[in-house]
Amino acid sequence: MPKAKIPGGGPDRWIDLSMNLALILACAVALTPNLADADLWGHVRYGLDVITDGLPMTTTYSYTATGHPWVNHENLSEVTLALVATFVGSRGLLIMKCLLGLGVIGMIIHNGHRQHARLLSISAVALLVSVNVTYHWSVRPQVFSYSLFAVLLALVTWCFTGWQGQWRLAYFHRWARATEDVTHPDDLKRIDYLWFSPLIMLVWVNTHGAFVAGFCIFASLLGCRCLELLITWGRQSWRVVAKILGIVIVSALVTLINPYGVGLHQWLIESLGNPRPEIVEWHAPDLFNALAIPLLLMTALWVIALVGSRLPLDFSYLLVMAVTFWQAYTHQRHVPFFAIAFGFWMTPHIDSLFRRLFKSVSQRELGTDMSPVFKVAVATGLLFVFSIISFRLVDRLGVLQVKRNEFPVSAFQYMADQDLRGNLVVTYNWAQYAIAAFGQDESGEPRMRVGFDGRFRTCYPQRIVDMHFDFIMGDGGPERRWRGNDSHPFDPALVLEYQHPDLVLISRNQEPSVHTMQQHADRWILLYQDELAQLWGRSEKYDEPQLATYLPETERHITEQEQTGFQAWPALPRFGTRSSQLVRAETRSSDG
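Residue numbers for the sequence shown follow numbering that gives the first Met the number 0, so the first one is 0 and each next one is one higher.
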C-alpha cells in the first residue's frame with residue numbers, strides 16, 4: 000500500500016515538516032555525545048605525522064617498542080581527523096561525527112519511505128537505532144566503519160529491489176508467510192551497481208580494521224542471495240550468480256590494496272585470533288547495566304515484529320541479522336552493526352506490526368480529521384519542540400569535553416610547569432593524550448616517550464602488552480586478562496625497570512598499580528597527587544639535590560584536590576619558562 004501524501008499546503012504541510020525535523024534533530028542529539036575519546040589525541044597526532052612525514056612503518060613515540068613493525072589499519076580515518084581538527088577545530092570534529100550519523104539515519108529513513116512505511120514506524124526505528132549507537136558514536140575511526148557499513152547495506156538493499164522481502168527457500172513456507180513471486184534473475188537490473196562494492200571496500204580497508212566484519216556480512220548476505228537464486232531458478236540463475244560471486248571475489252581482492260598488502264591480513268588473523276579481555280569494548284554487553292536497555296528494547300522489538308508482522312520473512316536478512324545479533328551480544332563494539340541492519344531491514348515488519356496494533360491510526364494520516372485551529376496548534380507545538388531540541392543540539396556541538404575526573408588535565412599541567420622529560424609509564428587510557436601533550440617540544444625534539452598506549456598490538460609486541468597490564472590490572476582471571484605464551488612470568492613491577500623509565504603516571508582508580516608503587520616507594524618518590532592521578536619520579540633523578548632535575552618538596556604537589564568540570568579538547572598543558580631555566584642549569588652542572 001503506497002504511502003499516503005499529506006496535502007501540500009497550510010498547517011498540514013507544517014505538521015509534516017515539523018515532525019520530520021523533530022525526528023531528525025532528536026536522532027542528531029543522540030548521535031552527538033560530546034565527550035573526548037581516550038584515543039582521539041593519538042589519531043590526530045598520527046594523522047598529522049602521515050601528512051608531514053609520510054607513513055611510519057615502525058612504532059613511534061614509544062621507548063619500549065622502538066623499531067617494532069606498526070600495522071596501522073586506521074590511516075585514512077586518522078588523516079581525515081587530523082585535517083578536520085587542524086582546519087576546523089574540535090567543533091568541526093563534532094559536526095563531522097554528527098553528519099556521518101545523520102547520513103546513516105537518513106539512509107534508514109529513506110529506505111523506510113521507499114518501502115511505504117508510515118512515519119510512526121520510521122520514527123520508532125530511527126530513534127531506536129540512534130540510541131543504540133550513541134555509546135559507540137564518539138569521534139574515532141569506528142564511526143567511519145559504521146557509516147561505510149550503512150552505505151554497503153543501502154547499496155545491496157537497493158540492488159535487490161524486487162527480490163528482497165520474500166521467502167525463497169523450498170521449506171517452511173507457511174512459517175515464513177511465503178507468497179507467490181515470479182521475479183526472474185534477469186529482472187534484477189540493478190545487480191551491475193554492486194560493482195561499487197569493491198570501491199567501498201577499498202576505502203574501508205584503509206580506514207579501519209572493521210572492514211573484516213563488514214566484508215563477512217557482505218559476503219554472507221550475497222552468498223544467501225545466490226543460494227536463493229539457485230533454489231528458485233536453477234540453471235537460469237547461473238549468469239547472475241556468477242556475476243555476484245565475481246563481485247564478492249573482487250571485493251576481497253581489493254582489500255590487499257593497502258600500505259601493508261597481505262601483511263595487514265596476516266596481522267589481523269594473528270591479533271583477532273587472540274582474546275583481548277583488557278579492552279572493555281570487546282566484552283559482552285552488561286545486560287544489567289542501564290546502557291543495555293536500548294539493545295534489549297531493540298532485541299524485543301525485533302522478535303515481536305518477526306512474529307507479529309504479516310509480511311513474508313526474508314531468509315537472507317533473517318540469517319545475517321541473526322549473525323549480527325550474536326556478535327552484538329558477544330562484543331559490545333558490534334552492537335552498531337546489529338542496529339544498522341535492524342534499521343534497514345526491519346522497518347517494513349515493524350510497520351506491519353504497528354498497523355495491526357493501531358488500526359485506527361494506520362488507516363488515516365495525521366491531520367486529516369483535525370480542525371484548522373487544532374492543526375495550527377499542533378504545528379506550533381511541534382515547532383516549539385523543534386526549537387528546544389535545536390538548542391540542545393547546538394549545545395552538544397559547541398565543545399568537545401575533556402572531563403577532569405577522567406583525564407589527568409591537572410597532572411599534565413604540573414608536568415608541563417616542571418618541564419619534566421624522559422620515559423613515561425602511563426596507563427594506556429591516558430597514553431595518547433600524553434603523546435599529544437609531551438611527544439615533542441618546541442624544537443621538535445622528544446619531550447617524553449611512553450611505554451605503552453592504545454595502539455595495542457598494532458605496534459607493540461605481546462610481551463610489552465602483558466607487562467603493562469600486569470602493572471595496571473594485576474593477575475586477573477581469563478575474563479580480565481589474557482597473556483601470551485612467550486611472555487615473561489607475571490611481574491607487576493617489571494614495567495618499572497624495563498628500559499629504565501623516569502616517570503610513572505597512574506590512575507588512583509587502578510588499584511594494582513597504586514599498590515605496586517607503594518611497594519616500591521624506596522626507589523620512587525611521589526611528585527604529584529590529586530583525586531584522580533599520581534605522578535611518581537625515579538628517586539635517583541628527582542630526589543637528589545645535586546642534580547638539575549631535583550624537585551624539592553616545595554615543588555611537589557601532594558593533595559586530594561577534587562577534579563571537577565571539563566576543558567575543551569585538546570586540553571593540552573601550557574608550557575612555562577622552566578624549560579629554558581632547566582637547560583641552563585644542566586649546562587652549568589656539566590661545565591662544573
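Glycine residues also receive a C-beta, built at the ideal position from the N, C-alpha and C atoms.
Cβ-Cβ separation, residue j to residue i (assumed contact under 8 angstroms), whole Å
i: Gly208; j: His72; result: 4 angstroms
i: Leu495; j: Ala410; result: Not really, about 18 angstroms apart at Cβ, beyond 8 angstroms.
i: Ser486; j: Arg462; result: 5 angstroms
i: Thr133; j: Ala27; result: Thr133 to Ala27, Cβ: 11 angstroms. No contact.
i: Ala304; j: Thr323; result: So it is not a contact: roughly 16 angstroms between Cβ atoms.
i: Leu423; j: Arg448; result: 7 angstroms
i: Ala492; j: His514; result: Rounded, the Cβ-Cβ distance is 10 angstroms, inconsistent with contact.
i: Leu127; j: Pro293; result: 7 angstroms
i: Thr31; j: Arg332; result: Going by Cβ atoms, the distance from Thr31 to Arg332 rounds to 19 angstroms, so no, they are not a contact pair.
i: Pro335; j: Tyr145; result: 5 angstroms
i: Val261; j: Leu255; result: 6 angstroms
i: Arg355; j: Gly564; result: No, Arg355 and Gly564 are not in contact; Cβ-Cβ is about 51 angstroms, not under 8 angstroms.
i: Phe343; j: Leu152; result: 5 angstroms
i: Trp40; j: Ala435; result: 4 angstroms
i: Thr85; j: Cys458; result: Not really, about 23 angstroms apart at Cβ, beyond 8 angstroms.
CB contact flag (residue i, residue j, <8 angstroms)
i: Ala149; j: Met106; result: yes
i: Val138; j: Leu399; result: yes
i: Phe470; j: Ser512; result: yes
i: Arg275; j: Trp69; result: no
i: Gly450; j: Ser17; result: no
i: Asp501; j: Gly421; result: yes
i: Val240; j: Cys223; result: no
i: Phe406; j: Leu24; result: no
i: Asp465; j: Gly483; result: yes
i: Trp315; j: Glu227; result: Sequence check: residue 315 is Ser here, not Trp. Result yes, Cβ atoms of Ser315 and Glu227 sit closer than 8 angstroms.
i: Asn288; j: Asn205; result: no
i: Gly536; j: Leu546; result: no
i: Glu277; j: Phe468; result: yes
i: Ile121; j: Ile104; result: no
i: Trp203; j: Leu147; result: yes
i: Val401; j: Val408; result: yes
i: Leu101; j: Val142; result: no
i: Val425; j: Leu504; result: yes
i: Phe353; j: Leu198; result: no
Minimum C-alpha distance to residue i - residue among the options
i: Leu229; options: Thr379, Ile216 and Leu244; result: Leu244
i: Glu441; options: Ala547, Arg403, Gly575 and Leu493; result: Gly575
i: Thr160; options: Phe210, Val503, Asp313 and Gln265; result: Asp313
i: Pro284; options: Val261, Tyr328 and Trp166; result: Tyr328
i: Leu310; options: Pro572, Met345 and Ala338; result: Met345
i: Leu20; options: Ile387, Gly450, Ile190 and Gln431; result: Ile387
i: Ala338; options: Val464, Thr31, Ser122 and Val130; result: Val130
i: Ala64; options: Phe343, Pro460 and Ile108; result: Pro460
i: Arg555; options: Gln562, Asp529 and Asn288; result: Asp529
i: Tyr432; options: Leu101, Asp38 and Asn33; result: Asp38
i: Ser351; options: Lys402, Trp301 and Lys188; result: Trp301
i: Gln163; options: Ala177, Ala289, Gly91 and Ile104; result: Ala177
i: Gln326; options: Pro258, Gln235 and Gly213; result: Gly213
i: Met472; options: Glu510, Val306 and Arg537; result: Glu510
i: Pro55; options: Tyr259, Gly476, Val464 and Tyr170; result: Tyr259
i: His42; options: Phe353, Trp166 and Leu75; result: Leu75
i: Gly499; options: Gly102, Asn110 and Arg522; result: It should be pointed out that residue 499 corresponds to His in this sequence rather than to Gly. For the residues Gly102, Asn110 and Arg522, the minimum Cα distance to His499 belongs to Arg522.
i: Leu187; options: Lys242, Thr57 and Tyr427; result: Lys242
i: Gln235; options: Glu552, His183, Tyr549 and Gly102; result: His183
i: Asp595; options: Leu152, Thr58 and Thr231; result: Because the chain spans 0 through 591 in this model, residue 595 falls outside it and cannot be assessed.
i: Gln560; options: Ala532, Gln265 and Arg479; result: Ala532
i: Asp185; options: Gln114, Arg238, Trp166 and Phe210; result: Arg238
Proximity test, Cβ basis, 8 angstroms: residue i and chain C
i: Leu502; result: Absent from the structure: chain C. Only one protein chain is present.
query = In chain order, which alpha helix (DSSP H) runs of at least 4 residues are fully inside the segment 207-257?
reply = 210-232 and 237-252
Three CB pairs or more closer than 8 angstroms across the segment 155-174 and the segment 293-300 = no
inquiry  = With three or more C-beta pairs closer than 8 angstroms as the rule, is the segment 411-424 touching the segment 47-55?
reply    = no
task = Would you list, in sequence order, the uninterrupted alpha helix (DSSP H) runs of no fewer than 4 residues that lie entirely inside the segment 286-367?
result = 292-307, 314-327, 334-344, 346-356 and 358-361
Cβ contact check for the segment 563-570 and the segment 531-547: 3 or more pairs under 8 angstroms = no
query = Are the segment 73-84 and the segment 92-109 touching, with three or more C-beta to C-beta distances below 8 angstroms?
reply = yes
inquiry  = Tell me whether the segment 219-237 and the segment 264-280 touch, counting them as touching only if at least three CB pairs, one residue from each stretch, are closer than 8 angstroms.
reply    = no
task = Could you say if the segment 183-195 and the segment 239-256 meet the contact criterion of at least three C-beta pairs nearer than 8 angstroms?
result = yes
query = Unbroken beta strand (DSSP E) runs of length 3 or more, entirely within the segment 399-449: which are they?
reply = 400-402, 421-425 and 447-449
4-residue-minimum alpha helix (DSSP H) runs that sit fully inside the segment 33-88, ordered along the chain = 39-52 and 74-86
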